[in-house]
Amino acid sequence: MIAAFTRLDLSSWFPRTQTLLTLAFVAAVGVLLPVPGMAIAAAATVTSLMVSAPFLGDERGRLDTLYGVLPISRRTVVIGRALAVLTYYAAASLLATAVTVAVALVRGSDLSIGLLLIAHAAALAFVGLSMALQLPVFFRIGYSRGRLIAYAPVFVIAGAGWLLQETGGLSAVQDALAGVPVVTLASVSAAVGVAGIGVAIVTAVRMYRTREV
Amino acid sequence: MTEHVVKIADLNVRRPAFEIDGISLNLSRGSVVGFVGPNGAGKTTVIRTLLGLITPDSGDIEVLGHPAGAPEALARIGIVLDEPTAAPEWRVGSLGRHLAPFYPEWDERRFGQLLERLSVPRGQRVKQLSRGQGVKLSLAMALAQTPELLILDEPSSGLDPASRREIGDLIREFMVDPEHAVLFSTHITTDLDALADELIVIVGGRIEYHGALPDITEEFAMARGSGAVPTASVLGLQRSGAQWSALIRMVDSSEFGADVVVDAATIDDVVVHLAVEQKEVAA
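Chains as they are written, first to last, in the working numbering: chain C, 1 to 213; chain Z, 1 to 283.
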């Protein structure tokens with residue numbers, strides 16, 4: 001039933017023009033910005049912003065009522081939707097990787113596997129934390145009342161970056177990370193991402209269980 | 001198989017905007033139950049509670065032998081709201097593909113027949129449908145699930161008479177099976193005249209009447225007069241200048257004098273006068 005719900009959920013918001021435009025944006029970043037890995041970062045950023053998209057669709061199409069009366073548990077709805085968001089992320093990541101590799105080949109520039117690995121792991125960490133922050137809120141109070149939370153992960157990352165830059169902490173972090181093997185760094189980042197997704201699902205199930213729709 | 005499709009005992013729901021106050025009722029198989037009351041009376045709240053969309057503060061609810069909102073019950077309930085619950089981008093003809101995996105008894109052939117009969121174009125997107133087509137689509141979706149219980153929440157508001165008749169015809173066909181039951185909430189009480197066996201009147205979150213539909217004319221009457229307001233047992237009173245009309249119990253009709261006209265009450269009379277009385281009590 002989870003897979004069936006994921007398919008149903010994706011069919012309600014994935015084919016929309018704005019969803020496809022965000023994928024085009026990921027490709028454009030990969031082509032226009034010369035820094036390798038930027039497209040992968042863009043994939044994570046748009047995924048973070050797209051977490052709210054299905055909840056907006058719920059309210060526009062009264063899908064929250066439809067999902068409430070489907071003969072499935074609310075846990076199935078939460079897991080199915082989390083998988084739908086991750087499917088979008090997988091599509092964006094695949095596109096970003098393809099564009100990154102293609103651009104490197106065309107430009108004749110070096111592209112290390114290590115860079116791709118660390119970029120994807122960091123992106124997964126961001127997406128996981130972003131889902132942990134957003135899914136429980138949207139499942140509890142819906143899009144209309146919770147929409148500002150969609151921007152929170154991007155603001156938190158940007159704010160942390162700015163703070164590190166201003167306090168001179170950025171170089172200290174870079175120095176500290178320079179000594180860590182890429183595989184370790186990637187593993188930790190990926191683990192953070194997976195943990196974030198787990199927290200997102202467990203908390204959202206609790207939030208949605210008693211929500212009145 | 002249980003005799004009652006719905007059993008509600010002492011249901012209480014208290015929210016800032018609405019209140020359900022100790023409702024108890026049973027709906028039997030083989031019956032079409034009209035559910036009427038003024039706006040804000042609690043009809044939709046009761047229906048949403050039955051479906052598990054609202055959690056009651058207290059009370060017991062059993063739907064088709066399961067707690068409210070249980071997937072086993074929801075798989076056997078067809079729900080028709082005033083708008084289709086479907087993504088605006090979905091095409092009408094593709095709805096079966098989207099919904100069939102969730103309903104073990106989904107009948108795609110029947111869904112197609114209903115769309116054709118109700119003239120809902122299969123190629124249109126849901127967002128392109130008119131209001132009437134949207135309601136018809138909801139009904140086709142609900143009936144294609146092969147439900148045992150059909151719940152309609154004000155589906156006919158704003159529909160033309162021909163469309164309302166089509167809905168009535170489909171309900172009658174659905175009720176050919178004596179195991180089926182219908183709960184029909186509506187403001188257009190004339191839709192119930194030829195359909196409903198029972199009537200529930202809800203006012204201010206309380207059930208004011210629950211009985212056989214034909215009994216309403218035996219139980220209630222309208223007294224109309226002018227001048228002094230009657231002191232006899234009046235259930236609800238409306239004034240218009242010197243004229244007044246009062247809802248009374250038929251057994252009390254002899255208490256009125258010859259200058260008062262007493263005749264049969266309609267469902268609308270009962271709803272309107274009980275609502276007026278409830279407002280005055282609240283004030």
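All residues carry an ideal CB built from backbone N, CA and C; glycine is no exception.
Just reading off the alpha helix (DSSP H) that Z/W90 is part of, what are its end residues?
Following the DSSP letters along the chain, one finds Z/W90 in no alpha helix (DSSP H), marked with neither H nor E.
Would you mind stating whether C/V46 and C/V26 have Cβ atoms separated by less than 8 Å?
Yes, they are a contact pair.
Taking three-plus beta-carbon pairs below 8 Å as touching, is the stretch 105-112 of chain C in contact with the stretch 162-176 of chain C?
Segments in contact, no.
Got a sec? Which residues, its chain only, sit under 8 Å from Z/F18 by beta carbon, not counting five neighbours each side?
So the list reads G40, G42, T45, G205, once near-sequence residues are dropped.
By Cβ distance below 7 Å, which residues in the same chain neighbour Z/L95 in space, the five residues on each side in sequence not counted?
Only A86, M141 meet the Cβ criterion.
Between which two residues does the alpha helix (DSSP H) carrying Z/Q113 extend?
Judged by DSSP secondary structure, Z/Q113 falls within the alpha helix (DSSP H) whose first and last residues are 108-117.
Inter-residue Cα distance where the pair is C/V205 and C/R74
Just so you know, the alpha carbons of C/V205 and C/R74 end up roughly 7 Å apart.
Pick from C/S48, C/A82, C/A132 that is closest to C/Y151, judged by C-alpha positions
Distances from the alpha-carbon of C/Y151 to those of C/S48, C/A82, C/A132 put C/S48 closest.
Tell whether a beta-carbon distance below 8 Å holds between Z/R110 and Z/L152.
No, Cβ-Cβ distance for Z/R110 and Z/L152 is not below 8 Å.
Shorter than 8 Å from the beta carbon of Z/E89 to some beta carbon of chain C?
Z/E89 belongs to the set of residues whose beta carbon lies under 8 Å from a beta carbon in chain C.
Quick check on Z/E179: buried or exposed, where buried means 16 or more other Cβ atoms within 10 Å of its Cβ?
Z/E179 sits exposed, since fewer than 16 C-beta atoms from the chains shown fall within 10 Å of its C-beta.
Straight-line Cα distance separating C/A119 from C/A42:
Across the structure, C/A42 and C/A119 are spaced so that their CA atoms are roughly 11 Å apart.
Cutoff 8 Å: Z/A86 Cβ touching any chain C Cβ
It does: the Cβ of Z/A86 has a partner Cβ on chain C nearer than 8 Å.
Taking just the CA atoms, how far does Z/V271 sit from Z/V260?
One C-alpha to the other measures close to 21 Å.
Any beta-carbon of chain Z closer than 8 Å to the one on C/T210?
Closer than 8 Å to the CB of C/T210 there is at least one CB belonging to chain Z.
Please determine, among C/S130, C/V188, C/A160, the residue with the shortest C-alpha to C-alpha distance to C/Y89.
It is C/S130.
As assigned by DSSP and simplified to three states, the class of Z/Q243:
Reduced to three states, the DSSP call for Z/Q243 is strand.
Is Z/L150 helix, strand or coil when you go by DSSP?
Reduced to three states, the DSSP call for Z/L150 is strand.
Reference C/I2, options C/A160, C/L70, C/A104, C/T167, closest by Cα
Closest by alpha carbon: C/L70.
Using 8 Å for Cβ pairs, my map puts Z/G52 next to Z/G78. What's the rounded Cβ distance?
The beta-carbon separation of Z/G52 and Z/G78, rounded to 15 Å, does not stay under the 8 Å limit for a contact.
Under the three-state DSSP convention, the category Z/S58 falls into
In the three-state reduction of the DSSP assignment, Z/S58 falls in the strand class, which pools E and B.
Less than 8 Å between C-beta atoms, sequence neighbours within five positions excluded: which residues of the same chain meet that for Z/A212?
Annotation for Z/A212: D197, E198, L199 place their beta carbon closer than 8 Å to its own, counting only its chain and skipping 5 residues before and after.
Run through DSSP, which three-state label would Z/L235 get?
It is coil, neither helix nor strand.
Cα separation between Z/A194 and Z/R172?
Roughly 9 Å between the two C-alpha positions.
Counting only beta-carbon separations shorter than 8 Å, does Z/A75 have a partner in chain C?
At least one chain C Cβ lies under 8 Å of Z/A75.
Residues sharing a beta bridge with Z/H364, DSSP:
In the structure displayed, chain Z extends from 1 to 283; residue 364 of chain Z sits before or after that span and is not available.
Taking any Cβ of chain Z, which residues in the stretch 43-63 of chain C have a Cβ under 7 Å from it, in chain order?
For the stretch 43-63 of chain C, which is checked against every Cβ of chain Z, the residues closer than 7 Å are G57, R60, G61, R62, L63.
C/I40 to Z/G134 span [Cα, whole Å]
Going by the C-alpha atoms only, they are around 42 Å apart.
State yes or no: is the beta carbon of Z/E320 nearer than 8 Å to at least one beta carbon in chain C?
As displayed, chain Z neither begins before 1 nor continues past 283, which places residue 320 of chain Z out of reach and without an answer.
Please tell me whether Z/F102 has its Cβ less than 8 Å away from any Cβ of chain C.
Contact of Z/F102 with chain C is assigned, a C-beta pair being separated by under 8 Å.
So C/L56 packs on C/Y143, CB below 8 Å; how close in whole Å?
The C-beta distance from C/L56 to C/Y143 rounds to 5 Å, short enough to fall under 8 Å.
Can you pull the DSSP bridge partners for Z/M222?
DSSP output for Z/M222 lists Z/L247, Z/D263 as bridge partner(s).
How would you label C/D9, buried or exposed, when you count the other beta carbons within 10 angstroms and need 16 or more for buried?
Buried.
Check whether chain Z comes within 8 Å of C/V69, counting only Cβ atoms and requiring the distance to be less than that.
Closer than 8 Å: yes.
Label C/G196 either buried or exposed according to how many other C-beta atoms from any shown protein chain fall within 10 Å of its C-beta, with 16 as the threshold for buried.
The residue in question, C/G196, is buried, as its Cβ has 16 or more Cβ neighbours within 10 Å.
Identify the contact partners of C/S187 in chain Z, using a Cβ-Cβ distance below 8 Å as the criterion.
Residues of chain Z whose Cβ lies closer than 8 Å to the Cβ of C/S187 do not exist; the shortest such Cβ separation is about 37 Å.
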